[in-house]
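Residue numbers (the numbering used here): 301 to 381.
Positions of the beta carbon are idealized from the N, C-alpha and C atoms, including for glycine.
Here is the structure we will look at, set down as C-alpha cells.
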C-alpha cells in the first residue's frame, strides 16, 4: 500500500479529523476499497444490538466524491444498513 507502519490509533488520528476523512482521491487511504471497508464497518457498528440504522454521507461535488459515496453506500448495505 505504500504507507509506513503506524499503530491503529496513530493512523485513525491521521485519517479522521474535525473535517472528516481527508486525502487525495485514488491514493491510500482515499480509495474505493477503503471506503467500502469503512462503510461496512460503520454499518456493522451501528447494527449492534439489532437496532435499525441510517447513515448520512456528506461530500462535495468533485467527481471523486461520487466514487467514494458509492463505495460507502455499498459498504453500508453489506453491513446491514
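Tell me, which residues are paired with residue 317 by DSSP?
DSSP, once it has assigned bridges, lists 320 as partnering residue 317.
Select from 326, 311, 310, 315 the residue whose C-alpha is nearest the C-alpha of residue 366.
Ranking the options by Cα distance to residue 366, first place goes to 326.
For residue 317, does the count of other Cβ atoms within 10 angstroms reach 16, so buried, or fall short, so exposed?
It counts as exposed.
How would you label residue 339, buried or exposed, when you count the other beta carbons within 10 angstroms and need 16 or more for buried?
So residue 339 ends up on the buried side.
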